[in-house]
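Every letter in the sequence shown is one number past the one before it in UniProt numbering, and letter 47, counting from 1, is 47. Using N, Cα and C, we set each Cβ at its ideal position, and we do this for glycine too.
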Amino acid sequence: MQDSTRAAPPHDALRLRGRSCPFLTLEIAATDAAELEAALAARLAGSASFFRHAPVLLELGALPDSAAPRLAGLLQ
Numbered sequence: 001m002q003d004s005t006r007a008a009p010p011h012d013a014l015r016l017r018g019r020s021c022p023f024l025t026l027e028i029a030a031t032d033a034a035e036l037e038a039a040l041a042a043r044l045a046g047s048a049s050f051f052r053h054a055p056v057l058l059e060l061g062a063l064p065d066s067a068a069p070r071l072a073g074l075l076q
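Okay, structure coming up:
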């Protein structure tokens, strides 16, 4: 599988990666809902329909184990 990841600044709340799979991988690196919402809005500003009808895989591996309780609020 070819990985076309581009390095993102370490302060980004999320990173979007495309691979030769039929879905997008959205890497979540923060649990603050406002920070994630702002990062996603900025990412989609130029292409509002980017996720339309596209399957998305959430990658949560960058989060510490202590973030697990906060994930429930994000997924609602």
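If I measure Cβ to Cβ from residue i and keep anything under 7 Å in the same chain, skipping five residues before and after, which residues do I get?
| i | result |
| --- | --- |
| E27 | L14, R15, R17, E59, A62 |
Looking at the strands, I want to know which residues DSSP matches up with residue i.
| i | result |
| --- | --- |
| E59 | E27 |
| R17 | T25 |
By Cβ distance below 8 Å, which residues in the same chain neighbour residue i in space, the five residues on each side in sequence not counted?
| i | result |
| --- | --- |
| D65 | none |
| A33 | G73, L74 |
In terms of residues, what are the limits of the alpha helix (DSSP H) holding residue i?
| i | result |
| --- | --- |
| residue 83 | With the chain covering only 1 through 76, there is no way to say anything about residue 83. |
| L74 | 68–74 |
Assuming residue i and residue j are in contact, meaning their beta carbons sit under 8 Å apart, how far apart are those beta carbons, in whole angstroms?
| i | j | result |
| --- | --- | --- |
| L24 | A54 | 6 Å |
| residue 81 | F50 | Coverage of the chain is limited to positions 1 through 76, which leaves residue 81 absent and any answer about it impossible. |
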